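For reference, the structure is listed below as structure tokens.
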Amino acid sequence: MRTVDVARGAGYSVQQVRNLERDGVLPPARRTAAGYRVYGEVHLRSALAYRALAVGAGPAEAKRIVRAVHECPVAEALALLDAVHARLDSERGELGRAKEAVEAISTEPIEDVRASDSMGVSELAAALGVRPSTLRHWDAEGLAVPDRVSTRGTRRYSPAQVRDARIVHQLRSAGYRVDALRTLMPDLRGGHRLTDVRAALADRDASIVARSRALLDAAAMLSAVISLAEAPSGGLAAATRT
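Following this line, the structure appears as structure tokens:
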């Protein structure tokens with residue numbers, strides 16, 4: 001195959017294929033006497049594996065895994081792939097716990113606020129298992145905003161504000177970025193609506209499913225690359241021949 005053939009088959013530009021070879025994602029191509037690159041099935045499979053892995057694990061980790069398939073023992077490459085699956089499984093578990101927690105926390109009755117019910121930064125940080133600086137960051141971003149109760153600006157969290165902080169904590173643990181929560185939390189505080197929170201959780205769920213499917217596709221391509229490398233006809237060197 002020519003460079004353009006691999007590019008078309010993998011959905012990349014010619015320059016991207018060259019970049020992938022430069023970065024070790026594709027094994028070195030054989031050169032003709034005139035200096036033209038000649039690619040084989042292993043290059044196309046490697047490019048497709050990288051494309052799927054970039055969706056499932058991110059570009060940096062995708063390069064690391066595909067390079068390992070070419071350069072390291074198979075067990076090491078598979079261990080890297082297993083680690084990606086484990087992280088995704090952890091995210092899925094966190095998301096499930098976030099769904100349960102948000103439903104429970106959001107429906108808790110908030111009675112009249114009493115002074116004794118409020119919490120300081122250190123108290124709430126200890127209760128949530130986060131650093132006080134994390135709460136101050138959430139305050140600055142408008143996610144969980146406490147009252148100021150003195151001229152020195154001492155922060156005190158009412159029960160409603162504690163609930164906000166608990167929801168933010170659960171969603172952050174599930175992988176939500178601050179910018180997404182910055183849009184979501186004012187609506188939840190204003191109308192105590194769960195619709196937007198549920199929609200955000202559903203979006204996260206869909207993202208995890210898409211990444212999991214991409215890893216499944218990548219595994220099939222990686223398996224093909226490994227099989228080509230282990231072929232008795234000469235491994236990668238033979239696989240690069242047309």
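Residue numbers (UniProt numbering): 1 to 242. By construction, the Cβ of each residue, glycine as well, lies at the ideal position given by its N, Cα and C atoms. Computed from a predicted structure; not experimentally measured.
Exercise. With a Cβ-Cβ cutoff of 8 angstroms, do valine 6 and tyrosine 39 count as a contact?
Worked result: Yes, Cβ-Cβ distance for valine 6 and tyrosine 39 is below 8 angstroms.
Exercise. Residue 243: which of Leu216, Met185, Thr183, Tyr176 sits nearest, CA to CA?
Worked result: As shown, the chain starts at 1 and ends at 242. That puts residue 243 outside it, with no answer to give.
Exercise. Under a Cβ-count criterion, where at least 16 other Cβ atoms within 10 Å of its own Cβ denotes burial, should serine 13 be classed as buried or exposed?
Worked result: With fewer than 16 Cβ atoms within 10 Å of its Cβ, serine 13 is classed as exposed.
Problem set entry | Where arginine 64 sits in the DSSP three-state scheme | Three-state DSSP puts arginine 64 in a helix.
Exercise. Which one or two residues does DSSP pair with methionine 119 in a beta bridge?
Worked result: In DSSP, methionine 119 forms a bridge with Tyr157.
Problem set entry | Span of the alpha helix (DSSP H), counted from its first residue to its last, around tyrosine 50 | Annotation: the continuous alpha helix (DSSP H) that includes tyrosine 50 extends over 41 to 57.
Exercise. Nearest-angstrom Cα distance between aspartate 82 and serine 150?
Worked result: Rounded to whole angstroms, the separation of the alpha carbons of serine 150 and aspartate 82 is 52 angstroms.
For this session: Quick one: grab the DSSP three-state call for valine 38.
Result: DSSP, read as helix, strand or coil, puts valine 38 in strand.
Problem set entry | valine 130 versus alanine 101 - alpha carbon distance | Taking the straight line from one Cα to the other gives about 17 angstroms.
For this session: Could you pull out every residue in the same chain whose Cβ sits closer than 6 angstroms to the Cβ of arginine 8, ignoring the five residues on either side in sequence?
Result: Closer than 6 angstroms at the Cβ level, and outside the excluded window around arginine 8, lies no residue.
Problem set entry | For leucine 26, the first and last residue of its enclosing alpha helix (DSSP H) | From DSSP, leucine 26 is part of no alpha helix (DSSP H); its letter is neither H nor E.
Exercise. If you follow the alpha helix (DSSP H) that proline 132 is part of, which residue opens it and which one closes it?
Worked result: Counting along the chain, the alpha helix (DSSP H) containing proline 132 begins and ends at 132 to 140.
For this session: Under 8 angstroms Cβ to Cβ from valine 4, same chain only, skipping five residues before and after it: list those, please.
Result: If we look at valine 4 and ignore the five residues flanking it on each side, its Cβ neighbours are Val14.
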